[in-house]
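First to last, the protein sequences are chains A and B.
Following this note's numbering, the numbering of the first sequence begins with 335 at its first residue and continues without gaps.
Following this note's numbering, the numbering of the second sequence begins with 335 at its first residue and continues without gaps.
Have a look at the structure below before the remarks.
There are 2 protein chains.
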Amino acid sequence: MAEIFSTCPVPTEGKKTVSLAHGGGGRLMHDLIEKVFVANFRNPHLEEMHDGAKIEIGKSKLAFSTDSYVVKPLFFPGGDIGKLAVTGTVNDLAMCGSIPKYLSAGFIIEEGFPIEDLERIAESMKTTAKMAGVELVTGDTKVVDKGKGDGVFINTAGIGFIENSIKIGPMEVRPGDAIILNGDIGRHGMAIMAKREGLAFETTIESDCALLNEIAQAAMGAGEVHCMRDLTRGGLATSLIEIANSCRLDMHIEENSIEVEEQVHGACELLGIDPLYVANEGRFVVIAAKSDAQRILGAMQSHEIGRGSKIIGHVLESRDGMVTITSPIGATRILDMLSGEQLPRIC
Amino acid sequence: MAEIFSTCPVPTEGKKTVSLAHGGGGRLMHDLIEKVFVANFRNPHLEEMHDGAKIEIGKSKLAFSTDSYVVKPLFFPGGDIGKLAVTGTVNDLAMCGSIPKYLSAGFIIEEGFPIEDLERIAESMKTTAKMAGVELVTGDTKVVDKGKGDGVFINTAGIGFIENSIKIGPMEVRPGDAIILNGDIGRHGMAIMAKREGLAFETTIESDCALLNEIAQAAMGAGEVHCMRDLTRGGLATSLIEIANSCRLDMHIEENSIEVEEQVHGACELLGIDPLYVANEGRFVVIAAKSDAQRILGAMQSHEIGRGSKIIGHVLESRDGMVTITSPIGATRILDMLSGEQLPRIC
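Below you can see the structure in the form of structure tokens.
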């Protein structure tokens, strides 16, 4: 378990090296991205720190996003790496307010990987792409020597179409906005963890892995949506902290209104993990104008993966970029970004 | 060396598995892509088997392409994985007749990788992107456990803008077209191989890794270009065979007009490798209307990385989709796709 919970860079021969924690979605990862990547590639798109870039090309406004998928195990209750690779990038495009259209896929396959499994993964990608209404139009396959990969890694990049009138992103968030969450949290991360650690519960914890493009469009159609973000690496807490940091506004949420399934709660307690920081693959927050919040909530609740939608908090007037949470017994604390990760390689 | 030259799938517990040869750019890779990926994702974009997809979104025509870079060693004479990751995708976009605009980058980093090396790679990407006039607008970082990766793998995807009037691709090739090559071949693959195998020559073999977007535009501006392709995995031979297969036209080339640097030739002889199949990263073929060939050749020769451009052959009237080559002593043979690869992990 030491490796899984490592939280600081390990010096090797006097050099700073990358640790698992650098990929965990916490502060170390943000520092690495800021120092190595944003510093070199500085441009307004990257600085917005959104789920994808909004770009203009010819006369069109597009969203462009990418993610690599390195999940272990490759097949898990509720999904597999193929479903995840399509869902994750489609969701990132949806969070930019776009209608996802086209995907690319790059496969890095370890020598010795069963072709049967590759076919299963491709079929899963096909089914998910069809459900999402996206086409996989270009791809690449590389094979690396045995012991230099881990079964298969998949990168997908995607392009979505943004209607001209749409403005969605952290910079659009306003004081007074409502924060709406579309259901219970923590299932994806704990499904992976339970399978990896061989934990047995009364019923299997299933990943919440699901497409968010339709419900996102439904929310946008029902009122003035300012920002959306899916709660992947780093979970609900990290996502809200990232948005609060970007827009320099404080946010407050109520723990009472955040649902955690009983078994997920049990697994989290057993492993000493806070569900607020656990990755989800079918959960997102909508930050919307207060006046429209009830209408948007209604639209989300009428959608299959939004039945459990609730308003969990609000954006405040103060401008420190902090997120606070009130516990069920009434104590309020500041949510901070974790240094490293709780769970690596879950998405 | 056995591993490097493996050419058939190794059965493991009765299952067919992926071998290094599946990633080598030869017939096995084509079969795998056809069977697993094209079969599942079937759409006109993939069936065209071009370097990237041509898509329409809003009112714009775009090129969309992706590649993962798994080169070993990461730093080599003439370049590094960062330069390669930008150059390769920019070149693929350029081969579609587009002006490359935006790139995404996905990093899969092995735990323990020196941050200093990561910075060197990011700097190299920055410099190359600037030279190519593209912006790196969105990215992703994943860290995998030590022993489950190989230093760093990089995926880039790119978007280019296509002028409405432009029609470039294998299906546009016509009988009588001239085949123009922009210089000597085999340097990238042999630079990697020489470094990997510790071969010492009088001077170091340098990769030809170079951006092709400007010279491609120059060629297109000088006359009627029907198809372009950069000669990466599988080299000149495989690229021509792919195009001939797609357009179902025969092609003929003259070995006399194909330049191979003396040291590259020596390294190839030593290792029993045919330079026609060795990967390049700054070489491409232009297939163009016969009547415009001289003008296009002139435009290419006046460009820095096209000084050595030559017309190396022609497209024939016959429709078998075969490529033939006449040797310096006058013997003609059919060029066939290799089964596996000569050199894995060179791009």
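Don't be surprised by glycine CBs; every beta carbon is placed ideally from N, CA and C.
This one's a predicted model, so the numbers in the text were calculated from it and none came from an experiment.
Quiz prompt | Neighbour list for Arg679 (chain A) in chain B, Cβ cutoff strictly below 7 Å | solution = Val478
Self-check item: Distance, Phe447 (chain A) Cα to Asp414 (chain A) Cα
Solution: 15 Å
Self-check item: Among B:Thr400, B:Arg563, B:Ala525, B:Gly422, the one whose alpha carbon lies nearest that of Val620 (chain B)
Solution: B:Arg563
Exercise. For Ala553 (chain A), collect the residues of the same chain with a Cβ closer than 7 Å to its Cβ; drop the 5 residues on either side in sequence, then sort them by chain order.
Key: Val559, Val620, Ile630, Ala633, Met634
Quiz item: Which residues, in chain order, does the segment 478-507 of chain B contribute to contact with chain A at a C-beta distance below 8 Å?
Solution: Val478, Asp479, Gly481, Lys482, Gly483, Asp484, Phe487, Asn489, Ala491, Ile493, Phe495
Quiz item: What did DSSP end up calling Ala466 (chain A) once you bin it into helix, strand or coil?
Solution: helix
Exercise. Would you please verify whether the beta carbon of Lys435 (chain A) is less than 9 Å from any beta carbon of chain C?
Key: The displayed structure is made up of protein chains A and B, and chain C is not among them.
Practice problem: Could you name the residues of chain B that Leu408 (chain A) contacts, counting a contact when the two beta carbons are closer than 8 Å? | Solution: Ordered by position in chain B, no residue passes the 8 Å Cβ test against Leu408 (chain A), which lies about 13 Å from the chain.
Exercise. State the DSSP-derived secondary structure class of Asp564 (chain B), mapped to helix, strand or coil.
Key: strand
Exercise. Assign Gly642 (chain B) to buried or exposed, taking buried as 16 or more other Cβ atoms, counted over all protein chains shown, within 10 Å of its Cβ.
Key: exposed
Quiz prompt | Option in B:Arg530, B:Lys501, B:Asp542, B:Gly494 with minimal Cα separation from Gly517 (chain B) | solution = B:Asp542
Quiz item: Any contact of the segment 394-411 of chain B with the segment 363-377 of chain B, i.e. 3+ C-beta pairs under 8 Å?
Solution: no
Quiz item: Using 9 Å as the limit for Cβ to Cβ distance, is Asp474 (chain B) near chain A?
Solution: yes
Quiz prompt | Alpha-carbon spacing of Gly647 (chain B) relative to Gly569 (chain B), whole angstroms | solution = 16 Å
Practice problem: For my contact list, Glu540 (chain B) and Ala528 (chain B) are in at a C-beta cut-off of 8 Å; report their separation, rounded to the angstrom. | Solution: No, Glu540 (chain B) and Ala528 (chain B) are not in contact; Cβ-Cβ is about 10 Å, not under 8 Å.
Quiz prompt | 8 Å Cβ cut-off: residues of chain B touching Leu380 (chain A) | solution = Leu470, Val471, Thr472, Gly473
Quiz item: Looking at C-alpha atoms only, which residue of A:Ile575, A:Arg679, A:Ile513 is the closest neighbour of Leu672 (chain A)?
Solution: A:Ile575
Quiz item: Quick one: what's got a C-beta closer than 7 Å to Pro411 (chain A)'s C-beta in the same chain, skipping five residues either side?
Solution: Ala525, Lys529, Thr538, Ile539, Glu540, Ser541
Practice problem: Provide the residue span of the beta strand (DSSP E) that contains Gly492 (chain B), from first to last. | Solution: 486-496
Quiz item: Is the CB-CB distance between Phe487 (chain A) and Lys476 (chain B) below 9 Å?
Solution: yes
Practice problem: Please find out if some non-hydrogen atom of the ligand ZN comes closer than 8 Å to the beta-carbon of Ser673 (chain B). | Solution: This structure does not include the ligand ZN; it has no bound ligands of any sort.
Exercise. Locate the beta strand (DSSP E) running through Arg653 (chain A), then write down its first and last residues.
Key: No beta strand (DSSP E) holds Arg653 (chain A); DSSP gives it neither H nor E.
Quiz item: At a CB-CB cut-off below 8 Å, which residues of chain A make contact with His356 (chain B)?
Solution: Ile443, Thr475, Val477
Quiz item: Do the segment 423-435 of chain A and the segment 492-501 of chain A meet, that is, are 3 or more Cβ pairs less than 8 Å apart?
Solution: yes
Practice problem: Find the nearest neighbour of Pro678 (chain A) within the set A:Arg361, A:Val352, A:Glu588, A:Val405, judged by alpha-carbon distance. | Solution: A:Val405
Quiz item: For the segment 609-630 of chain B, which residues have a beta carbon sitting closer than 9 Å to at least one beta carbon of chain A?
Solution: none
Exercise. Could you have a look at Lys482 (chain B) and say whether DSSP puts it in helix, strand or coil?
Key: coil
Quiz item: What three-state label does DSSP hand Pro407 (chain A) in the structure shown?
Solution: coil
Practice problem: Return the CA-CA distance between Ile433 (chain A) and Ile680 (chain A), expressed in angstroms with no decimal places. | Solution: 26 Å
Exercise. For the alpha helix (DSSP H) containing Ser573 (chain A), list its first residue and its last residue.
Key: 569-581
Practice problem: Enumerate, from N- to C-terminal direction, the unbroken beta strand (DSSP E) stretches of 3 or more residues contained entirely within the segment 581-647 of chain A. | Solution: 585-588, 618-622
Exercise. Please determine if the segment 495-507 of chain B and the segment 442-459 of chain B are in contact, where contact requires at least 3 C-beta pairs separated by less than 8 Å.
Key: no
Exercise. With a cut-off of 8 Å on the beta carbons, I'd call Asn614 (chain B) and Leu565 (chain B) a contact; round off their distance for me.
Key: 4 Å
Quiz item: Going along chain B in order, which residues have a C-beta closer than 7 Å to the C-beta of Asp564 (chain A)?
Solution: Correct list: empty, because the minimum Cβ distance to chain B is about 14 Å.
Quiz item: Is Lys644 (chain B) buried or exposed, if buried means 16 or more other CB atoms sit within 10 Å of its CB?
Solution: buried
Quiz item: For Glu559 (chain B), which beta-bridge partners are listed by DSSP?
Solution: Before going further, note that residue 559 (chain B) is Val rather than Glu in the sequence given. Paired residues: B:Ala622.
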